Each structure stands twice: as C-alpha cells, then as structure tokens.
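Peer 1:
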Amino acid sequence: MCRMSAKTDPGNFFEDFAVGQVIEHATPRTVTEGDRALYGAIYPTRFAVWSSAEFAASVGLRGPGGGHPLEELIGFHVAFGKTVPDVSLNAVANLGYAECRFHVPVVPGDTLRTGSEVIGLKQNSSGRTGVVWVRSSATNQRGEVAIDWVRWVMVHKRDADAPAPAPVVPALAAAVAAEDLVVPTGLDLSSYDFAAAGEPHRLGDYEVGERIDHVDGVTLTDAEHMMATRLWQNNAKVHFSTDARPDGRRLVYGGHVISLARALSFNGLANAQLVAAINAGAHVAPAFAGDTVHAWSEVLDVAELDAPGVGALRLRLVATKGRDASTTLRTADGTYADGVLLDLDYWALVPR
Amino acid sequence: MCRMSAKTDPGNFFEDFAVGQVIEHATPRTVTEGDRALYGAIYPTRFAVWSSAEFAASVGLRGPGGGHPLEELIGFHVAFGKTVPDVSLNAVANLGYAECRFHVPVVPGDTLRTGSEVIGLKQNSSGRTGVVWVRSSATNQRGEVAIDWVRWVMVHKRDADAPAPAPVVPALAAAVAAEDLVVPTGLDLSSYDFAAAGEPHRLGDYEVGERIDHVDGVTLTDAEHMMATRLWQNNAKVHFSTDARPDGRRLVYGGHVISLARALSFNGLANAQLVAAINAGAHVAPAFAGDTVHAWSEVLDVAELDAPGVGALRLRLVATKGRDASTTLRTADGTYADGVLLDLDYWALVPR
Amino acid sequence: MCRMSAKTDPGNFFEDFAVGQVIEHATPRTVTEGDRALYGAIYPTRFAVWSSAEFAASVGLRGPGGGHPLEELIGFHVAFGKTVPDVSLNAVANLGYAECRFHVPVVPGDTLRTGSEVIGLKQNSSGRTGVVWVRSSATNQRGEVAIDWVRWVMVHKRDADAPAPAPVVPALAAAVAAEDLVVPTGLDLSSYDFAAAGEPHRLGDYEVGERIDHVDGVTLTDAEHMMATRLWQNNAKVHFSTDARPDGRRLVYGGHVISLARALSFNGLANAQLVAAINAGAHVAPAFAGDTVHAWSEVLDVAELDAPGVGALRLRLVATKGRDASTTLRTADGTYADGVLLDLDYWALVPR
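Protein chains in written order, with numbering that gives the first Met the number 0: chain A, 0 to 351; chain D, 0 to 351; chain S, 0 to 351.
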C-alpha cells in the first residue's frame, strides 16, 4: 500500500500573492571562481575588468578583503534564480524589469540570499491569469545589499473562479536616474588602460542615437543554456525538459539571452565594462537551440558621474535571431520587428 | 619501419583478478571549487548545505581548516572514476553497490586516491564472463578514509578457455545499519533554518512506505554527460565515442543518472541534504541523450541518530525515462517496470 | 535618425601588418581553478601532475607561492586566444607553429597578457592573401615570461590591389634543441610514483620510431568545443555561428583538437606528463561536431636532461577522424592520409 506524498512544491499561483507579502527565498548560494569560469565558457565575455584581477585592481575595483569581483550578471542570475520557485514557477511570461541597481560588488566566497516583497497585483481580464510585481533584493553574508530590482510576471491562477484582488499597480521609474547610479567604492577610471581593455572609445566618443551592430553571433545549444540556467538554480521546467512544452523544445532562459547579448556587445562597447543599473527589459520572443543570436546597441543617454574618470552610457541592448545590420527595433505599426528577442535598457559605466 | 607499441592499457579481464588482490588505482585527484560549480551546472542540485557555505557552517558542517565540503556524490564519482581503468574497462555491466559509507567530508583542496581489494569472484555459466566484487576506499591526503564501498561488475574473460576460479561470493549487508551511519563531526541540525533550506518537512513528517513523485524532469544531452564523466576521469569508452557501441549511441554513465535523480529529489526531499550511505543500487536500463529523466522516492525506513537534531531517512530513489506519476517499480511478474533506469537504496540525514 | 557606429573591430588585414610591428593584445586574463575544472570536463586529461596537487608537490612542481600549476595547454590556449582579435580574425588558415617553449609555470591566480611582434610577411601569388609570422609571448603579473611561440597564418588582404610588402621569411628552428628545453625550477622525477601516475614506462622504455595507438576516441559536440574556445576568449566567428561558413557548420578550434589528442595520449604516454616545447604543428583538416577523434604518437627523439630524473621525449602527436590502428601519416604521394586532422611535434618531460 503506497501513500503518495504532497511534499513537492507546486509553486505559487496568482491568488497566493498579496500586496505587502514578504518572501524569503530558499537555498542561499555561495559564488566562487568556478562560476566565473563557467560564465566565461558559456558566454563570450571579454570585458577586462572581469577577465583580469590585475585590471580590476588597476581601476580600484576590489571586493572587501581584496577579492576580484564577479561580473554583475553572475550575481543577478544567482539572485534571480532564487526567486523562481516562489514567484514564477507558474508564470506564463516574464513581463518586465525596472529599477535594478548593483550595489556592493559580489566576490568569490560571498553567499547571496534573496528576498522579495509583493508590490503590485492585477488580475487579467480573462480571469485566468494575473500580473504580480515584486521588488527583490539580494544580500551578502554581511547583510549588505548587492542587487535590488523590480520584476513583474504574468502568473496562472489556480482557480479561475477565485476572486480578483484589488488592483495595485506600482509606480516605477522609467529609468534609474544617472545621479542614483551606484559607483563601486574606489572605482577610478582616470588611469584606464585602453590598450588592455581592447578599444579606444571613451564616454565622449559615444553620441545619443548612435547604434552599434556588434557583428558577432552565437548559435545556441541546449547543453549550454541548460548548464547556465542550472548554475543559477533556476528550476523552471520549460528550460530543461522536452516534455514541458507542446512543441517539445526547451525554452532558453531569458537571462541567457541577456548575458549572451551583453557579452557580444564587447565588440564596440569594450569599455562599457560595468553594468550599473537595468532600467527596463522585455523578452520579446522565445529563443531555442539552433537559433543564432546577434546583438546591437543604441546609445540612449550619456552622463558624467562624480567618481574619478567615470561616465555612464545608457544603452538599449537588442538581441536578434540572425544578424540585423539594419538595427530595426520596430516595424511601421510599432510592434517589434521579426527576429527581435530582447530589448534591454541599462546603464553601463565607462571611462570619461 | 615503425614499431607498434604495447604500452596502452587493455584493462583487466576476469582471469586477471584474484581474491585478496589489492589494487592501487592511478591518478590521484585534487578536488576544487571548480568541481562544485560544474556539478551545479550539470545537475539541478539545490540542497542548501552544499549550495551555501554559510548554511553549512550554520549546521556545524566544516572540513578540517574550515572549508565548505563538497556534495558527497562529487567525492563518490571522483573516487569511483579511479577504479574504472583497473576494474571495469572490460565490464559488461555494473551489477550493484553495497556498504557505501561517507566518512570524512571532502573539501576543496583535498586530494583523493582510491584503492580496491578483490573480495569475490564467480565465473558465469557461459564461461565467457564472470562477476568481480571489489571493496574500494578513497583516502584524502592525510590518509583519512573519505568514502568506502563495495561494487560488483560483470567482466569479460580474455580467453573463454581460461579455467574458472573457485567461486567466492562475499556476504554483504542488505543495508548499512542506522547505528553504523557516520555523521560528520560537528553536525548539529537542532537550529536548522527550514526557510533557507526550502521545505518545512522534518524526519517526523516522513512515513515508511510514503512515495514522492519529484515532478521535474531533465532531458539528457551528450555534451553534459560526457563533461560530467570526464570530470570524474572515468575513461570507459562507451560514454564518449559513437564508435564504441553497435548502435552508435553514447551510453550515459550510470553515476550521471544517480546524480541527476538525487538532484531532482530536492523537490520533496529538500531537507534530506546529506547522503550518509548507499545500501544498494541497480542500473536497470541504459540511458541516452534525448531521454527525459524523472525521479521518485519511497521512504524505506526512518531512524533517530545520536547527533543533535539529526535523523536519517532510508530512501529508495528511482529514476525513470519519462515521468511515472504512478511510481511503479515492478510489474506483476516482479521485473522492473518499463522506463525504470535506476533503483538506488540510500540513507540521507535530515533534521529531526 | 540613427547613426551607425564604426566602433567594432574589423581585425587586421594583410596590409595592416609590418615587420617589426609590436602588438599588445587586449584583455589580460586571470586563470583559476575553474579553468582546471573546465579543462578536465572538456578533455579526458588524467596526467597525475596536473590532476593532483599532491603528486605535483611530490615531484617538486610548484608555482611561486606553492600553488598547483595548471596544465601547460591551458596557459597556451589563454595566451593564444589573446592574439586572435589582432592576428587571425581575418585568417584563411593557421599554417604552423614553431619554437614554442613553456617557461615559468602558470598557477591559479596568475594574470596573463600576450604581446606579439611581426617577424615575417609574404604575399601569396594570388595577390589576395599573404602569410604573417608573429612571435608571441605571454607574461604573468610579475612580468615573467610564461610561454613564447611563433605562429604563422594566412590572412586576407582588405584590398587585392594593395602593394605587396618586401617578403621577409624568418628562419625558424625545425625543433627546439633538447638543451634549450626549460625544466620547471625544482622538478625532480627521481622519486616518481609510477603506480600513482598510471603506467610503468620511463624514458628508456621508449625507442625512436616507436608508435603508440592511443586507442580511445571522443565524438565531438558543438557545445563542448564552443565552451572551450570561449574559455580562451578566442573570438573567431567560424567557431560559434552557423552563419559564418557556407556549410553551416561550426569549425572546431584547432587547439581543441590539440588538447583532445594530448589528453587521449595518456593511454600509453601517462608519464609524458609535462609539455616542454612545441616544435611544429599543422592543422591538416577541419573537424566538426560528430567527428570521432582518435590519436596516435610516434617517438621522434629521446634526450636526457640535467634535472634529476628528468628525460625528454620528442613526440609526433597525430589526431585522426576515426581510429587509424595502422598509424598512417602520409600516403605514397607524400600527402597526409585521409582522416588526419593534426600533426603536432612536441617535447614532453618524462622520468628517466
């Protein structure tokens, strides 16, 4: 006589969330040099500050204790992954990001935990799904905030007949203001080694409206996107199993496309080395193994910051399926052009 | 004029083994944080004690010198891999495991060597193969035993006419007794953080006979199983080359299925964090790229141990090709049900 | 109104090079234990000195500060990868290597930078391509030379009408002389543990002309060769994108075949643990996912060195598509036999 257990995690459904609810996400995660190596094996990242401990030290970028910080998106994916079991296991779609800032650098040996607060809820007119807004925050073992961000997702209801909550739609900044960007303590780009970094361009060389086709492309494989997504302990079924979607394909984690596009952007943005904030982001279309991902960027804004030698570029990073040398974001009717996978708005720090 | 060399290793055949023979396996191996990162990229492991150095320290789990121990199966696969060139290069099948215990935790920086003693031999009635039993032991650089286990394999004879040895079949325990389980020095689960670990279930919440369908699945790729198997320096040809089997497929290392199923079991057994012993195991059917592996568990026994807050669950872990929500192990005639890949019997430590 | 940027790197064309030109390559790279782990996951390397920190210490091999050095080819690939954006982004083919020596061992934590000097130029008769010879040198953060080598590549001209430079063809040694081999400081193979290393053969057991079929094979996957090639920050497009070649296949980086063949050579050359020099090398044919790579070696020379217990084997390492137990390098007409992928001439250090 066997007794079936109900101990597995069904995830939360729309009606399980309440505005003001605080969730401590499980399985804190210690990051290591192994994460850096895998990140470099999976994404073609070459930014000197992350590639070289010597370069990082030369611009004053050190963790507490002198460690070589890890690329910001490593911390972001680890922190984000923690939220998946509680927030988006039953998600239909990841709708957007806002107000994401990188605070204390994450170094090998740090342990990140993530917590979230539900800050908005709105049932869809179908009555079968709703949108959940959460503000999440990753802290290290000293309790310092490493990263915080808002994201919103469309989540299934468990029961279509469950009553709709009072709608609460949070007011979110269209972008992090340049004066609110966090510059890592000690960062000094005034003696920056452009030859070692790989390109000569500094803040003043970029103009608002300028577009850069990053040229290079990477054809996706299932093994690589699954390895990355597992590394972040993201457990959404659609990424790992051919049984999880009617088409039998494994959906590539949206963050995989972000990291890939960001790494490809080295070619033309080699000096936009540090990500300071993510203002907004849309996963426009799904990506699958066999797709060849390219990227282009548009300069949205430029700013001078207080730290020595430090400027900021606000960039639109667009990932496409196949190369689009025309850098077309939208068609005449305002919808995204065919082939656009990702439309990400972020701030990067560059030498002035 | 070229002289062909006979310096390559043909492996041992059945008639090369003698009861009492001791084999020192080659290529000691230093484990590192890189192994942990790769393990986490290849298997969806999320157990907090291995994911977080802080969590491990909070339950008193530390290596000598304070290091963050590595998941037991990392040590097991490394130690097992050492035995392959000598024991199972000419194996037809890996038949079973018994009496496997995890003694001193393995931490990054430890160097493992493995030795084996032949404890049993029995020629098969065909006269073309025989079964070899070995007791193996992995020791660290201080000579402390980290892991020991018995396994038996069916091995080809080099020469079918070679005489059969006197059969010796070792008496093996059906399971490690609860009182013989090794609890890592210092382990204290009495102040266990269930929220950080991801599930609320403690020893008393599990009942003998209870079954847990772990829900999640992973579709295998050749790149991933080869990377894992290489990491363990397991050199059996069938895992790596499409030329090694008549069907042109690369056989997935059985240990890959063990680790995958164990990682999937997090969903329902998140607090069964430490593996204390492996009582028995059968690789029921081969697995290949494209197969989607799911897992379910059955609680076979429960025990309270002396260490503070520590209990033990004896679990049957079953990996299946495709999900079997009915958790059927055997058909009416007693043979394994279609789709069963692995039947593993082990002890895990859980908070009381 | 969008302005397209010209900030991306088109790479150098033949007419961009001048004899005597010195290039500092970008993106210095800190190597870590993560690189060792990935190398061991991607290549079936089992050489004891690299696998075990204890074994390395037992033969006196330590980095400054006592670290466990990394396999030489890890350093080589990292150093080589740096040269790709400047030297071979527009290459038709990588034609050869010479005079490559390994000087100071590379240990985790070291940061490598690479510089090159153009030492030869010769336009091809077609007028559309030319050959560029560069001498490259990788230095660590203390300015010590870790590796230096010469390679030559055939590079496209940007403009077929550009005038040909005066041809300069450097005189290169056919092989590094045994007396010029660098033995790592402290290396002492006189108390070598053959059992731990995995084979009993020492210098005197190898004869000039002897050939060793290394038996084992590995079937290539796209995920693995791309991960390796990214790890080395090699950004040549043909390795990563199905759009980069007319046949839609991703070309395997030649260095991937070198490392794979070298790792396979463990079976018969387990004691040829250290690579001291690369004398010459030809990538004879392209390799792609699905090819099964095997390897054989020929002993070209033997030498006794001054360091205690240290000898050297000059070896030809041949990688083939499919196993060639006949070890045929060339056909009757002197061209390479079908299936030969790599012909590499190198010196390895072995116990006397």
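Each residue gets a CB set at the ideal place from its N, CA and C atoms; glycine is no exception. Computed from a predicted structure; not experimentally measured.
#1: Could you check what DSSP says for residue 93 (chain S) in three-state terms: helix, strand or coil?
#2: Would you list, in chain order, the members of the region 51-71 of chain S that have their beta-carbon closer than 8 Å to a beta-carbon of chain D?
#3: Between residue 166 (chain S) and chain D, is the shortest Cβ-Cβ distance under 7 Å, so that the two count as touching?
#4: Would residue 28 (chain D) pass as an interface residue toward chain S - the criterion being a Cβ-Cβ separation below 7 Å?
#5: Listed in chain order, which residues of the region 201-235 of chain S have Cβ atoms closer than 9 Å to some Cβ of chain D?
#6: Taking C-alpha atoms, which residue in D:137, D:141, D:153 lies nearest to residue 147 (chain D)?
#7: Within 10 Å of its beta-carbon, does residue 32 (chain D) have 16 or more other beta-carbons around it, so buried, or fewer, so exposed?
#8: Near residue 0 (chain A), what residues of its chain come up, given a Cβ to Cβ distance below 8 Å and the 5 sequence neighbours on each side ignored?
#9: Can you tell which of S:128, S:61, S:75 has its C-alpha closest to the C-alpha of residue 11 (chain S)?
#10: By a C-beta neighbour count over all protein chains shown, 10 Å radius and 16 as the cutoff for buried, is residue 334 (chain A) buried or exposed?
#11: Under 8 Å: do the region 75-83 of chain D and the region 99-117 of chain D share three or more Cβ pairs, one atom per stretch?
#12: For residue 110 (chain S), would you say it is in contact with chain D, using Cβ-to-Cβ distances shorter than 7 Å as the test?
#13: Under the assumption that residue 285 (chain A) contacts residue 250 (chain A) (Cβ atoms under 8 Å), give the Cβ distance between them as a whole number of angstroms.
#14: Determine, using beta-carbon pairs with one atom in the region 42-60 of chain A and one in the region 154-162 of chain A, whether at least three such pairs fall under 8 Å.
#15: I'd like to know if residue 104 (chain A) contacts chain S, where contact means its C-beta is closer than 7 Å to some C-beta of that chain.
#16: Tell me where the beta strand (DSSP E) around residue 121 (chain D) begins and ends.
#17: Considering Cα atoms alone, identify which of S:305, S:168, S:154 is closest to residue 186 (chain S).
#18: Would DSSP call residue 265 (chain A) helix, strand or coil?
#19: So what's residue 18 (chain S) in DSSP terms, helix, strand or just coil?
#20: Taking Cβ to Cβ, would you say residue 177 (chain D) is nearer than 7 Å to residue 311 (chain D)?
#21: If we cut at 7 Å on Cβ distances, does residue 45 (chain A) have a partner in chain S?
#22: Going along chain D, which residues have a C-beta under 8 Å from residue 23 (chain A)?
#23: If you measure from the beta carbon of residue 343 (chain A) to each beta carbon in chain S, is any gap under 7 Å?
#24: Here's the rule: buried if 16 or more other CB atoms are within 10 angstroms of the residue's CB, otherwise exposed. What is residue 87 (chain A)?
#25: Which residues in chain D have a C-beta closer than 7 Å to the C-beta of residue 20 (chain A)? List them in chain order.
#26: On the DSSP bridge assignment, give the partners of residue 146 (chain S) in chain order.
#27: Does the Cβ of residue 179 (chain A) have 16 or more other Cβ atoms within 10 Å, making it buried, or fewer, making it exposed?
#28: Assign residue 0 (chain D) to one of three DSSP states: helix, strand, or coil.
#29: Would you say residue 266 (chain A) reaches chain S, if we count a Cβ-Cβ gap shorter than 7 Å as a contact?
#30: Given a limit of 7 Å on CB to CB distance, which residues of the region 130-154 of chain D reach chain S?
#31: With distance defined between alpha-carbon atoms, name the residue in S:55, S:75, S:99, S:140 nearest to residue 56 (chain A).
#32: By the 10 Å Cβ neighbour count, where 16 or more other Cβ atoms means buried, how is residue 303 (chain D) classified, buried or exposed?
#33: Could one say the Cβ of residue 35 (chain S) lies closer than 7 Å to chain D's Cβ atoms, at least one of them?
#34: Pick helix, strand or coil for residue 106 (chain S), following the three-state DSSP scheme.
#35: Have a look at the DSSP bridge pairing and note the partners of residue 282 (chain D).
Peer 2: Put simply:
#1: It is a strand residue.
#2: 51, 52, 53, 54, 67
#3: no
#4: Judged by the 7 Å Cβ criterion, residue 28 (chain D) is in contact with chain S.
#5: So the close ones are 204, 205, 206, 208, 209, 210, 211, 212, 213, 214, 215, 216, 217, 218, 220, 221, 222, 223, 226.
#6: In this structure, D:137 is the residue among D:137, D:141, D:153 with its C-alpha nearest to the C-alpha of residue 147 (chain D).
#7: buried
#8: With a pLDDT of 44 at residue 0 (chain A), under the threshold of 50, the modelled position of this residue cannot be trusted, and the question is left open.
#9: S:128
#10: exposed
#11: With a cut-off of 8 Å, the region 99-117 of chain D and the region 75-83 of chain D count as touching, because enough Cβ pairs lie within range.
#12: For residue 110 (chain S), the answer is no, since every Cβ of chain D falls outside 7 Å of its Cβ.
#13: 6 Å
#14: no
#15: no
#16: 110-122
#17: S:305
#18: helix
#19: coil
#20: yes
#21: yes
#22: 194, 195
#23: no
#24: buried
#25: Near residue 20 (chain A) there are no residues of chain D at all, since even the closest Cβ is about 14 Å away, more than 7 Å.
#26: Bridge partners of residue 146 (chain S): S:101, S:137.
#27: exposed
#28: Here residue 0 (chain D) scores only 44 on pLDDT, less than 50, and its place in the model should not be relied on; the value that follows carries that caveat. Residue 0 (chain D) sits in coil when the DSSP states are folded into three classes, being neither helix nor strand.
#29: Judged by the 7 Å Cβ criterion, residue 266 (chain A) is in contact with chain S.
#30: For the region 130-154 of chain D, which is checked against every Cβ of chain S, the residues closer than 7 Å are 140.
#31: S:140
#32: exposed
#33: yes
#34: Reduced to three states, the DSSP call for residue 106 (chain S) is coil.
#35: D:341
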